[in-house]
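Novice:
Residue numbers (UniProt numbering): 1 to 85.
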């Protein structure tokens, strides 16, 4: 993992797999999307995602579908928080 100037580059296969699983298991949320600027931008392969983190939830959005948000499950929240802290 490489940190510098606000950018985190992840190369470890286990960490990449964890992020992939978190994205794939995220649950689509109903309603109209009105979000602030994202706290994090994740580039995963050819896809770009935006990530918002609060005390009790994490929300992810595919940059190409800004009308739909997804919530990460509790296990994924713990893993992503551990990675970012």
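Even glycine gets a Cβ: it sits at the ideal position worked out from N, Cα and C. As the structure is a computational prediction, the values presented were derived from the model and not from experiment.
Measuring CA to CA, which of 19, 15 and 12 is closest to residue 72?
Specialist: As a working note, residue 72 is residue 72 in the chain shown. The option with the nearest alpha carbon to residue 72 is 19.
Novice: Pull the bridge partners of residue 44 from the DSSP assignment, please.
Specialist: Your numbering for residue 44 matches position 44 in the chain shown. Partner(s): 47.
Novice: Assuming residue 107 and residue 28 are in contact, meaning their beta carbons sit under 8 Å apart, how far apart are those beta carbons, in whole angstroms?
Specialist: Residue 107 falls outside the range modelled here, since the chain spans only 1 to 85, and no answer is possible.
Novice: Short check: CB of residue 36 to CB of residue 60, under 7 Å?
Specialist: If you number the chain shown from 1, residue 36 lands on position 36. If you number the chain shown from 1, residue 60 lands on position 60. In this structure, residue 60 does not lie closer than 7 Å to residue 36 by Cβ.
Novice: Sorted by chain position, which residues of the same chain lie with C-beta nearer than 7 Å to residue 41's C-beta, five sequence neighbours on each side aside?
Specialist: For the purposes of this step, residue 41 is taken as residue 41 along the chain shown, with counting starting at 1. Counting only Cβ-Cβ distances below 7 Å, and skipping sequence neighbours, we find 48 and 50.
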